[in-house]
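I have placed the structure first, in the form of structure tokens, so that the comments after it can refer back to it.
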Amino acid sequence: MKKESVVAIVFGILLGLMVAFFVIFQSKQQQLSKTKLINNQTKGPTSKVQIAVATPFLEVSFPSDRLVLDTDSIIIKGKANENSLIVIQSPIKELVFKNESTDFEKDFPLALGENVIELTNYPEDKNISSVHKQLRVYYLDTKDTTE
Amino acid sequence: MKNKIILFLIIIQFSLLTNLALAQNEESTPSAETGSDKVSTKTIENFKEKIASKVAELTKKEQKALAGFVSKIEDSQLTIKSDEQQNYQIKIDNILTKIYQIAGNGKKEIKLDQLAKDDYLIVNGPINDNTISANYIFVDEKYIVNVGRVTEIDKDNYSVKLLTADKETINLDIETSTKQSILNIKTLQLERTGFSKIKEGDLIHFIIKKDSSAKNGTRFSAVKILIIPQEYFIK
């Protein structure tokens, strides 16, 4: 083998090693950056909340639509814009209140059978349009006592 | 020239070998962990079992029902059409299925032959695709709860024309039996009111009874109305 070939091979090996170290270094950095993303998720919601304050929103965490219950009242739990006017209406009850904090919890009666419950959020800023949500909750008393 | 090619090939080979080694390392890590951490695997299994039982419990608790107007009755099978215009087959077991008529806040057991076309039914039972094996059937009344802005007032006929958020026009007849309330924009309390207080531009939260005969109509008798005066939105 010529001297030049040997030198070329040695250089090749050295360069290969350099590339290998570079690849290892890069992949480790990538892994670290991925881990950072997961850790940074705690910071995420605060920015989301900041956006949510500006836009009208109405979320109902309980009850879910078409839920079957065997009680004649429920506690409606949800979230809406602070200081907005919330209207909750069903064929047997209407409730109007100012949402002083984002979360709300209201006791609401149910009629036997289907209860169509309409929730409306009128934000404090009157230029922002209202948000509506409709739920159907079924109070089905299946006890065998016929009335 | 040959030397350059050899050098290039060597570089490529090394880079590939390094990547392969890295890939093998990443794949081998989990198996090494499972081998060394049997106790934590057992804990995970226990945790999984607990989650599964909790999910089963919640599924049992979160029972759902379907409702719709009867479109067809055949022997022990009914077909109902839901609000979403979806047809559902209702299977009735003569022994197991209980059928009740809701009247006020009470119920009365009735027979299958007392059900008629256009009855509004609430059906509870296992759902498989579009078929429900009914455990319980309740005959109820269908109510619509919605909101609309007043666009016209007919003082002679005590009726108002509303435009809903879905751009639907509703003619609402205010009857003597209609429960009417209005929002006091200062106190945010509800107060009893009358037809004369309704103005164009007001928002009305209304409740109407929907029977099968009026399904495609736009004129309804109001059961209840709640007026949000337009002044609330400009104060």
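So the protein lines, in turn, are chains A and B.
Under UniProt numbering, the letters of the first sequence match residues 1 to 147, in that order.
Under UniProt numbering, the letters of the second sequence match residues 1 to 235, in that order.
Yeah, the Cβ is synthetic: ideal placement off N, Cα and C, and Gly gets one too.
Remember, predicted model here, so these are calculated numbers, not experimental data.
Exposure label - residue i; buried when at least 16 CB within 10 Å
| i | result |
| --- | --- |
| R136(A) | buried |
| A134(B) | buried |
| I44(B) | exposed |
| G201(B) | exposed |
| A116(B) | exposed |
| N146(B) | buried |
| K138(B) | According to the sequence displayed, residue 138(B) carries Phe and not Lys. By the neighbour-count rule (16 or more Cβ atoms within 10 Å), F138(B) is buried. |
| V7(A) | exposed |
| I75(A) | exposed |
| P229(B) | buried |
| F47(B) | exposed |
| T97(B) | buried |
| P63(A) | buried |
| D93(B) | exposed |
Among the options, nearest to residue i - alpha-carbon criterion
| i | options | result |
| --- | --- | --- |
| F69(B) | T193(B), K210(B) and H205(B) | K210(B) |
| G217(B) | I208(B), K224(B) and V223(B) | I208(B) |
| I116(A) | G125(B), Y143(B), I137(B) and N128(B) | Correcting the residue identity first, residue 116(A) is Val in this sequence and not Ile. Selected option, being the one with the closest Cα: Y143(B). |
| K199(B) | Y232(B), D83(B) and Q77(B) | Y232(B) |
| V160(B) | A222(B), I51(B), N130(B) and D166(B) | A222(B) |
| D72(A) | Y138(A), K133(A) and F22(A) | Y138(A) |
| E118(A) | D125(A), E94(A), D70(A) and I9(A) | E94(A) |
| K167(B) | K155(B), T151(B) and I80(B) | T151(B) |
| S55(A) | N81(A), E114(A), I9(A) and I92(A) | The sequence shown places Thr at residue 55(A), rather than the Ser named in the question. Cα-wise, what sits closest to T55(A) is N81(A). |
| S177(B) | R149(B), N87(B), Y158(B) and K197(B) | Y158(B) |
| L58(A) | E4(A), D103(A) and D141(A) | D103(A) |
| residue 236(B) | S130(A), E114(A), Y122(A) and T120(A) | With chain B running from 1 to 235 in the structure shown, residue 236(B) is simply not present. |
| L112(B) | G125(B), K91(B) and A103(B) | K91(B) |
| K224(B) | P91(A), T142(A) and N121(A) | P91(A) |
| I80(B) | E49(B), L121(B), E109(B) and Q101(B) | L121(B) |
| N171(B) | R149(B), Q180(B), I185(B) and T187(B) | R149(B) |
Distance, residue j Cα to residue i Cα
| i | j | result |
| --- | --- | --- |
| I153(B) | S84(A) | 29 angstroms |
| residue 277(B) | E175(B) | Here chain B comprises residues numbered 1 to 235, so residue 277(B) is not present and cannot be evaluated. |
| T193(B) | I182(B) | 6 angstroms |
| I127(B) | N105(B) | 27 angstroms |
| Q89(B) | S76(B) | 10 angstroms |
| D156(B) | F195(B) | 11 angstroms |
| N99(A) | S40(B) | 46 angstroms |
| K126(A) | L66(B) | 37 angstroms |
| K64(B) | F21(A) | 59 angstroms |
| K106(A) | S61(A) | 12 angstroms |
| Q29(A) | V23(A) | 10 angstroms |
| residue 239(B) | P123(A) | Beyond the ends of chain B as shown, which are 1 and 235, falls residue 239(B); an answer cannot be given. |
| D65(A) | V87(A) | 18 angstroms |
Strand pairing of residue i, partner residues [DSSP]
| i | result |
| --- | --- |
| R136(A) | V116(A) |
| residue 236(B) | Lying before the first or after the last residue shown, residue 236(B) is absent from chain B, which here runs from 1 to 235. |
| A222(B) | I208(B) |
| Q101(B) | K108(B) and V139(B) |
| L85(A) | K98(A) and Y122(A) |
| P63(A) | BP columns for P63(A) are empty, so no partner. |
Tell me the start and end of each unbroken beta strand (DSSP E) in the stretch 103 to 188 of chain B that is at least 3 residues and wholly inside, in chain order. DSSP assignment within the stretch 103 to 188 of chain B yields the following whole beta strand (DSSP E) runs of 3 residues or more, N-terminal first: 106 to 109, 120 to 124, 131 to 134, 136 to 140, 142 to 154, 159 to 164, 169 to 173 and 179 to 183.
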